[in-house]
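As you go down the protein sequences, you meet chains C and Z in turn.
Numbering-wise (my numbering), the first sequence opens with residue 1 and increments by one.
Numbering-wise (my numbering), the second sequence opens with residue 303 and increments by one.
Idealized CB from N, CA, C, for every residue including glycine.
Protein chains: 2
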Amino acid sequence: MARIGFIGLGVMGQPMAEHLVRAGHEVTVHNRSPDPVRALVEAGAKAGASAAEVAEGADIVITMVPDSPDVEAVVLGQQGVLEAAREGVLLIDMSTIRPDTARKVAAAAAARGVRFLDAPVSGGQVGAEEATLSIMVGGSPEDFEAARPVLESLGRTIVHVGPVGSGQTVKAANQLIVAGVIELVSEAIVLLEAHQVDMQPAIEVLAGGLAGNQILERKAAGMLARRFDPGFRIDLHHKDMQIIQAAARDAGVAIPVTALVAQMLVSLRSLGRGGLDHSAILTLIEDLSGRGGSRSPTAGQA
Amino acid sequence: MARIGFIGLGVMGQPMAEHLVRAGHEVTVHNRSPDPVRALVEAGAKAGASAAEVAEGADIVITMVPDSPDVEAVVLGQQGVLEAAREGVLLIDMSTIRPDTARKVAAAAAARGVRFLDAPVSGGQVGAEEATLSIMVGGSPEDFEAARPVLESLGRTIVHVGPVGSGQTVKAANQLIVAGVIELVSEAIVLLEAHQVDMQPAIEVLAGGLAGNQILERKAAGMLARRFDPGFRIDLHHKDMQIIQAAARDAGVAIPVTALVAQMLVSLRSLGRGGLDHSAILTLIEDLSGRGGSRSPTAGQA
Numbered sequence: 001m002a003r004i005g006f007i008g009l010g011v012m013g014q015p016m017a018e019h020l021v022r023a024g025h026e027v028t029v030h031n032r033s034p035d036p037v038r039a040l041v042e043a044g045a046k047a048g049a050s051a052a053e054v055a056e057g058a059d060i061v062i063t064m065v066p067d068s069p070d071v072e073a074v075v076l077g078q079q080g081v082l083e084a085a086r087e088g089v090l091l092i093d094m095s096t097i098r099p100d101t102a103r104k105v106a107a108a109a110a111a112r113g114v115r116f117l118d119a120p121v122s123g124g125q126v127g128a129e130e131a132t133l134s135i136m137v138g139g140s141p142e143d144f145e146a147a148r149p150v151l152e153s154l155g156r157t158i159v160h161v162g163p164v165g166s167g168q169t170v171k172a173a174n175q176l177i178v179a180g181v182i183e184l185v186s187e188a189i190v191l192l193e194a195h196q197v198d199m200q201p202a203i204e205v206l207a208g209g210l211a212g213n214q215i216l217e218r219k220a221a222g223m224l225a226r227r228f229d230p231g232f233r234i235d236l237h238h239k240d241m242q243i244i245q246a247a248a249r250d251a252g253v254a255i256p257v258t259a260l261v262a263q264m265l266v267s268l269r270s271l272g273r274g275g276l277d278h279s280a281i282l283t284l285i286e287d288l289s290g291r292g293g294s295r296s297p298t299a300g301q302a
Numbered sequence: 303m304a305r306i307g308f309i310g311l312g313v314m315g316q317p318m319a320e321h322l323v324r325a326g327h328e329v330t331v332h333n334r335s336p337d338p339v340r341a342l343v344e345a346g347a348k349a350g351a352s353a354a355e356v357a358e359g360a361d362i363v364i365t366m367v368p369d370s371p372d373v374e375a376v377v378l379g380q381q382g383v384l385e386a387a388r389e390g391v392l393l394i395d396m397s398t399i400r401p402d403t404a405r406k407v408a409a410a411a412a413a414r415g416v417r418f419l420d421a422p423v424s425g426g427q428v429g430a431e432e433a434t435l436s437i438m439v440g441g442s443p444e445d446f447e448a449a450r451p452v453l454e455s456l457g458r459t460i461v462h463v464g465p466v467g468s469g470q471t472v473k474a475a476n477q478l479i480v481a482g483v484i485e486l487v488s489e490a491i492v493l494l495e496a497h498q499v500d501m502q503p504a505i506e507v508l509a510g511g512l513a514g515n516q517i518l519e520r521k522a523a524g525m526l527a528r529r530f531d532p533g534f535r536i537d538l539h540h541k542d543m544q545i546i547q548a549a550a551r552d553a554g555v556a557i558p559v560t561a562l563v564a565q566m567l568v569s570l571r572s573l574g575r576g577g578l579d580h581s582a583i584l585t586l587i588e589d590l591s592g593r594g595g596s597r598s599p600t601a602g603q604a
């Protein structure tokens, strides 16, 4: 069992840290707000007053925070992980951030003798609670093997996808496909409804062929019913679209459809729907087609 | 067993007509070029000199021709189906055409006492050969039930999706999603390759999550290997994009991403790649990203 420092106890981080405690690790946690820290202490963790305090004496430090600047703050900033981490410590960032930020943090860590993996996850809150996350890991093969036993307490599919930054790039590709497919399924649904097609058998036959995808499987029923309670909020997917677009720009890769879908997420936030599930892209296609009237006027505040 | 007239013996129609012969139906066939007619006659069918001749004495007439004008020609034109079909005959158009053309043909048929179903298919040449097609049927429930035993010799998933035109609308939605997802997977692949990600595990983890789709399952390996032998040709998907856009325009539905993907298919044809599999959308994303150099200069003629 390892001594693990865990920083960031949000909707994802809290259940993940609990799984590590339950697996028998000696876990010290830190979070900006105190409530989830209390919950973890009750579960058997220790509390650290800062990222640095959590990193002291740890073999492994895991960060699970909202965005690129947050990772920089808790790792590189004052009272951050690198102020206190021993040489040889393995730092695993499981946040979804820009690949170039991952590489920058890895370089700063290496300069202090700290090893680094980027290991973003997919599977959402349910995946975190049930320890069924998919974990996409970038870094050296040796560090990946060292992290694997710990990651196996958190997820079901754990893959090494290349050097530092690769995990974030694969997560970016994941979010690119998810947003785009939601948009395509939205176009299909609005088109089919406008033509008075029977939606149930239509979705079934679409899901069974080459058009088949997980959005049709898991999201179409909610979209047909106009249920947009999150799930994964448009605000968060909007953040991820900025990461994707930065990663593509850095590599000189043109992503014209994703750029267009990113603009739709900008519109949805401006329309007050940032708190809805990302499947609410459907509502924008409805609005653009003059078919938004059926939507409940309170949907924007759901 | 029924007396069936079958018009259009292309790569799809020929194996479909053969399945109907094998199922014990009395099949009369017609095709513009004579070679496939000979093959069907050897298999036990009769040959008709025109669409009208095929329709004479038939209980059911099936059309499987390339495009909307072809359906109008063989049904409404001189020596066409409606010149000869008895009252009460069931006409099943299995071509992929515009929903409004299906409704127009259905109205002309009704004026002659001929019943009409639009029943486009998905599953491609392999699905036609193995009788595993998905068949999306628009028309009255009674006509659908009358057609079902015959359609069951041709496909595995046979669904009634609404009134006349609905089958074509669902097929349009299918092609909309397929083209769009190929484009998204192309963006993802070019982005991941540009970042030197290990592609095998990356595709695997993407396919296993919310981004999972049949293009990743069935097409990504060929795309990674730059193998673009069809399959389903860009030329044909380009035709389908015009059907989709007409169906959306008719209903006042905005489909911004599909409109952009349709433009990409226009470009691919202008670049001489219309004969490649539709997964060659990847080559356009590569070109747009200055990464087309690795492509074989003969790919355009494959």
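Would you check if the stretch 133 to 148 of chain C and the stretch 182 to 190 of chain C touch, i.e. whether three or more CB-CB distances between them fall below 8 Å? They do not touch, by the three-pair rule.
Under a CB-based cut-off of 8 Å, is residue 500 (chain Z) close to chain C? Sequence index remark: in the second sequence, residue 500 (chain Z) carries index 198 (1-based). So yes, residue 500 (chain Z) belongs to the interface.
Please name the residue in Z:416, Z:303, Z:323 whose C-alpha comes closest to that of residue 348 (chain Z). Looking up residue 348 (chain Z) in the second sequence gives position 46. When only C-alpha atoms are compared, the closest one is Z:323.
Three-state secondary structure (DSSP) at residue 26 (chain C)? Against the first sequence, residue 26 (chain C) aligns to sequence position 26. Residue state, collapsed to three classes: strand.
Who are the near neighbours of residue 156 (chain C) in its chain, counting only those whose CB is closer than 6 Å to its CB and skipping five residues on each side? By 1-based counting over the first sequence, the position of residue 156 (chain C) is 156. Within the same chain, 132 come within 6 Å of residue 156 (chain C) by CB-CB distance, once the 5 residues on both sides are set aside.
8 Å is my cut-off, CB to CB: does residue 525 (chain Z) come that close to chain C? Sequence index remark: in the second sequence, residue 525 (chain Z) carries index 223 (1-based). The Cβ of residue 525 (chain Z) sits no closer than 8 Å to any Cβ of chain C.
What are the boundary residues of the alpha helix (DSSP H) that includes residue 70 (chain C)? Counted from its first residue, the first sequence places residue 70 (chain C) at position 70. Going by DSSP, residue 70 (chain C) is part of the alpha helix (DSSP H) stretching over 68 to 76.
What does residue 556 (chain Z) reach in chain C if we use C-beta pairs closer than 7 Å? Locating residue 556 (chain Z) in the second sequence gives position 254, counting from the first residue. In chain order, 285, 288, 289 make up the part of chain C whose C-beta sits under 7 Å from the C-beta of residue 556 (chain Z).
For residue 258 (chain C), go through chain Z and note every residue whose CB falls closer than 7 Å to its CB, in chain order. Here residue 258 (chain C) refers to the residue found at position 258 when the first sequence is read from its first residue. Ordered by position in chain Z, the residues that pass the 7 Å Cβ test against residue 258 (chain C) are 489.
Could you pull out every residue in the same chain whose Cβ sits closer than 6 Å to the Cβ of residue 199 (chain C), ignoring the five residues on either side in sequence? On the first sequence, residue 199 (chain C) is found 199 positions in, with the first residue counted as 1. Once the five neighbours on either side are set aside, the close Cβ partners of residue 199 (chain C) are 224.
My output table needs one value for residue 575 (chain Z): the three-state DSSP class, helix, strand or coil. The sequence position of residue 575 (chain Z) within the second sequence is 273, counting from 1. In the structure shown, residue 575 (chain Z) adopts coil according to DSSP, grouped into three states.
Of all the CB atoms in chain C, is at least one closer than 8 Å to the CB of residue 520 (chain Z)? One-based indexing of the second sequence puts residue 520 (chain Z) at position 218. Taking Cβ atoms only, chain C reaches closer than 8 Å to residue 520 (chain Z), which makes this a yes.
Within the same chain, show all residues whose beta-carbon is closer than 6 Å to that of residue 316 (chain Z), passing over the 5 residues directly before and after it, in chain order. In the second sequence, residue 316 (chain Z) corresponds to position 14, counting from 1. Excluding residues up to 5 positions away in sequence, 338 lie with their Cβ nearer than 6 Å to the Cβ of residue 316 (chain Z) in the same chain.
Closest Cβ-Cβ distance between residue 24 (chain C) and chain Z: below 8 Å? For the purposes of this step, residue 24 (chain C) is taken as the residue at position 24 of the first sequence. Not an interface residue.
Between which two residues does the alpha helix (DSSP H) holding residue 528 (chain Z) run? Here residue 528 (chain Z) refers to the residue found at position 226 when the second sequence is read from its first residue. For residue 528 (chain Z), there is no enclosing alpha helix (DSSP H), as DSSP gives it neither H nor E.
Integer-rounded CB distance, given that residue 153 (chain C) should sit under 8 Å from residue 219 (chain C): Translated into positions along the first sequence, residue 219 (chain C) becomes position 219. Translated into positions along the first sequence, residue 153 (chain C) becomes position 153. The pair is not a contact, with the Cβ atoms about 29 Å apart (cut-off 8 Å).
Could you give the residue range of the beta strand (DSSP E) that holds residue 459 (chain Z)? Here residue 459 (chain Z) refers to the residue found at position 157 of the second sequence. Here the beta strand (DSSP E) through residue 459 (chain Z) covers 457 to 464.
Hey, how far is the Cα of residue 632 (chain Z) from the Cα of residue 354 (chain Z)? Since the first and last residues shown for chain Z are 303 and 604, residue 632 (chain Z) lies out of range.
In this structure, does DSSP put residue 32 (chain C) in helix, strand or coil? As a working mapping, residue 32 (chain C) is identified with position 32 in the first sequence. Residue 32 (chain C): coil per DSSP, three-state reduction.
Proximity of residue 100 (chain C) and residue 250 (chain C) at Cβ, strictly below 8 Å: For the purposes of this step, residue 100 (chain C) is taken as residue 100 along the first sequence, with counting starting at 1. For the purposes of this step, residue 250 (chain C) is taken as residue 250 along the first sequence, with counting starting at 1. It is a contact, given that the beta carbons lie within the stated cut-off.
Span separating the alpha-carbon of residue 593 (chain Z) from that of residue 34 (chain C): Indexing the second sequence from 1 puts residue 593 (chain Z) at position 291. Indexing the first sequence from 1 puts residue 34 (chain C) at position 34. Cα to Cα, residue 593 (chain Z) sits roughly 50 Å from residue 34 (chain C).
Taking residue 310 (chain Z) and residue 365 (chain Z) to be in contact with their CB atoms under 8 Å, please state how far apart those CB atoms are, rounded to whole angstroms. Start at 1 with the first residue of the second sequence, and residue 310 (chain Z) comes out as number 8. Start at 1 with the first residue of the second sequence, and residue 365 (chain Z) comes out as number 63. A Cβ-Cβ distance of about 6 Å is found for the pair residue 310 (chain Z) and residue 365 (chain Z), placing them in contact under the 8 Å criterion.
For residue 307 (chain Z), write down the residues that DSSP places opposite it in a beta bridge. Here residue 307 (chain Z) refers to the residue found at position 5 of the second sequence. DSSP links residue 307 (chain Z) through a beta bridge to Z:330, Z:363.
Cut-off 6 Å between Cβ atoms - residues of its own chain near residue 215 (chain C), not counting five sequence neighbours on either side: Along the first sequence, one-based indexing puts residue 215 (chain C) at 215. Taken in chain order, the residues that qualify are 181, 182, 185.
Taking only beta-carbon positions, decide if residue 506 (chain Z) is within less than 8 Å of chain C. Locating residue 506 (chain Z) in the second sequence gives position 204, counting from the first residue. By this cut-off, residue 506 (chain Z) is an interface position.
Of the choices Z:333, Z:510, Z:474, Z:481, whose alpha-carbon is the least far from that of residue 579 (chain Z)? As a first step, residue 579 (chain Z) must be located in the second sequence, where it is residue number 277. Nearest neighbour of residue 579 (chain Z) by Cα position, chosen from Z:333, Z:510, Z:474, Z:481, turns out to be Z:481.
When Cβ atoms are compared, which residues of the stretch 445 to 469 of chain Z fall closer than 8 Å to chain C? Taking 8 Å as the upper bound on Cβ-Cβ separation, chain C lies near residues 459, 461, 462, 463, 464, 465, 467, 468 of the stretch 445 to 469 of chain Z.
Across which residues does DSSP place residue 47 (chain C) in a beta bridge pair? Here residue 47 (chain C) is taken as the residue at index 47 of the first sequence, counted from 1. According to DSSP, which records beta bridges pairwise, residue 47 (chain C) is partnered with C:29.
Buried or exposed: which applies to residue 477 (chain Z), given that a residue is buried once 16 or more other Cβ atoms fall within 10 Å of its Cβ? One-based indexing of the second sequence puts residue 477 (chain Z) at position 175. Counting other Cβ atoms within 10 Å of its Cβ, residue 477 (chain Z) reaches 16 or more and is therefore classed as buried.
Enumerate, from N- to C-terminal direction, the unbroken alpha helix (DSSP H) stretches of 4 or more residues contained entirely within the stretch 178 to 264 of chain C. Counting only runs of 4 or more, we get 199 to 207, 214 to 218, 220 to 224, 234 to 251.
Kindly say whether residue 238 (chain C), judged by its beta-carbon, lies nearer than 8 Å to any beta-carbon of chain Z. The residue you call residue 238 (chain C) lines up with position 238 of the first sequence. Judged by the 8 Å Cβ criterion, residue 238 (chain C) is not in contact with chain Z.
Should residue 350 (chain Z) and residue 332 (chain Z) be called a contact, given that it needs their Cβ atoms to be closer than 8 Å? Here the question's residue 350 (chain Z) lines up with position 48 in the second sequence. Here the question's residue 332 (chain Z) lines up with position 30 in the second sequence. Yes, Cβ-Cβ distance for residue 350 (chain Z) and residue 332 (chain Z) is below 8 Å.
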